[in-house]
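To keep things clear, I will list the structure first and then write my remarks on it.
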Amino acid sequence: MKINKILKPLAAVSAAAVMFSMAGCADTSWSLRTSNKELSNGMWIYKTYSEMNQALQKYQEETGNSLQPGDEGFADKKVEKKNIYEWIAQKAKDDCVEVLTIEKLVKDNKVKVDKESIESNEKMYETYMTQYGMDKMYEHLGVSLKSAAYMDSTVSTYKEDLFKKLYDKEGTKAVSDEDVKKYYTDNYTDYYYIHYSFKTTDDDGNSQDIDDDTKDKVTKNFAKYAKELSDGSKTKTEIDEEYKTDFELGDNGTVPSVSAAEKLDDTDIKDEVKNEIKALGDKKATVKLIDDTYYLLYKGSISEKAAKITDDTSVEDAVSRINIVHEMKDDEFDKYIAAEKKKLKYDTNEDCLSKYSVERMVKLYNEFVNSQSGNS
29 MKINKILKPL
39 AAVSAAAVMF
49 SMAGCADTSW
59 SLRTSNKELS
69 NGMWIYKTYS
79 EMNQALQKYQ
89 EETGNSLQPG
99 DEGFADKKVE
109 KKNIYEWIAQ
119 KAKDDCVEVL
129 TIEKLVKDNK
139 VKVDKESIES
149 NEKMYETYMT
159 QYGMDKMYEH
169 LGVSLKSAAY
179 MDSTVSTYKE
189 DLFKKLYDKE
199 GTKAVSDEDV
209 KKYYTDNYTD
219 YYYIHYSFKT
229 TDDDGNSQDI
239 DDDTKDKVTK
249 NFAKYAKELS
259 DGSKTKTEID
269 EEYKTDFELG
279 DNGTVPSVSA
289 AEKLDDTDIK
299 DEVKNEIKAL
309 GDKKATVKLI
319 DDTYYLLYKG
329 SISEKAAKIT
339 DDTSVEDAVS
349 RINIVHEMKD
359 DEFDKYIAAE
369 KKKLKYDTNE
379 DCLSKYSVER
389 MVKLYNEFVN
399 SQSGNS
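Just so you know, we're using the working numbering here: the sequence shown kicks off at 29 and counts up by one.
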């Protein structure tokens, strides 16, 4: 009986010692993984750092106040009604799960990966980070440049290659040339305008009309430009050059003109100007006084622009086909990834996430910032 009384506490002590020893030897080299890919602790740290920057931006948007990790009370701040550390950790984990999802989808969809291109991009990324001193900060946080390059550059490349595998010309869900052109012509406008304010300020900063001679000069020249554009005798580039001569700007002068082919309603152009452009026929120009500003307005042929939709960069004035496909399919693509992300089976190394916590990353980040301030 006495022996049992002695052995029982000894056994308890031995068990506790074994558990402590096992905890101390926990493998924290990886953070999250699937059967397809394992993310290192540095990759996890990188994402906590990235999401810390997002949290700072989100906090400013929500409160109107700037925030820095070294600010007093930082740990108690909230983002989207959640403690800032918890918000960062959750977002970082979501990011890591998405990375693992993309890796799986690349494999499942048999996406051809250009390893040489990826290696080249990673080296460029590492060179860029080193050039701006980010390598030293990453090193202090415990992130290798290779890990940062993978989570940033390589995963972005994988995601783009996956998108193309699905939606590009030879993709499993290929978007036809006809659909691309229809989307472009239905949503885009080819436009050009020059503007001239009929208001100026005097020496005291008071607003006043420009003189009548200048108004007359503007209206006559703008009417000339409108005729030349409408009858096709001058191009937009030639009109810009003519404006420089008429208004004595010199060869290096800046013409107050805008030329673009884009979604007109998505621009910050005044609604009155948008409506006037929309009302024009193709390759027609007009002049209009709107809110004390005189405009030469021109609408080109969006069909002619659509004829140059290609991903062949050697084509002059080419319109990027894949960019348009992105506009058409990005929402669908994001939903696809989100759905696959929910189904993904993965392991989380809580020992790693606990050891390399957001609090630790913020502490190390502040140490590095303060050390650099001391060296400056």
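Where is the CB? At the ideal position from N, CA and C, for every residue including glycine.
Alpha carbon of Thr247 to alpha carbon of Val107, nearest angstrom: 54 Å
Taking the alpha helix (DSSP H) that Glu66 belongs to, which residues open and close that run? It is not in any alpha helix (DSSP H) - Glu66 instead sits in the beta strand (DSSP E) that spans Glu66 to Ser68.
Who are the near neighbours of Glu300 in its chain, counting only those whose CB is closer than 6 Å to its CB and skipping five residues on each side? Ile318
In its own chain, which residues sit with a C-beta less than 7 Å from the C-beta of Thr376, not counting the 5 before and 5 after it? Leu60
Unbroken alpha helix (DSSP H) run spanning Ile318, endpoints: First-last for Ile318: Lys312 to Ile318, but that is the beta strand (DSSP E), not the alpha helix (DSSP H).
In the DSSP assignment, what residue or residues form a beta bridge with Gln236? Thr228
What residues are listed by DSSP as bridge partners for Arg388? Its beta-bridge partners do not exist; DSSP assigns none.
Which parts of the region 68–124 are runs of the beta strand (DSSP E), unbroken and 3 residues or longer, counting only runs that do not cross its ends? none
I'd like to confirm the pairing. Which residues does DSSP put opposite Glu304 in its beta bridges? None, per the DSSP bridge assignment.
Output the distance between the C-alpha atoms of Lys311 and Lys209, rounded to the nearest integer angstrom. 19 Å
DSSP state of Ser285, grouped into three classes? strand
Would you report the Cα separation of Glu206 and Lys302, rounded to the nearest angstrom? 27 Å
Three-state secondary structure (DSSP) of Leu324: strand
Around the Cβ of Glu304, are there at least 16 other Cβ atoms within 10 angstroms (buried) or fewer (exposed)? buried
Three-state secondary structure (DSSP) of Leu60: strand
Thinking C-alpha only, which one of Asn215, Glu270 and Ser184 is nearest Met356? Asn215
Local conformation of Tyr253 per DSSP, three classes: helix
Would you report the Cα separation of Phe250 and Lys336, rounded to the nearest angstrom? 30 Å
Suppose contacts are defined by Cβ-Cβ distances below 8 Å. Is Ser175 in contact with Tyr74 by that definition? yes
Should Met152 be labelled buried (16 or more other beta-carbon atoms within 10 Å of its own) or exposed? exposed
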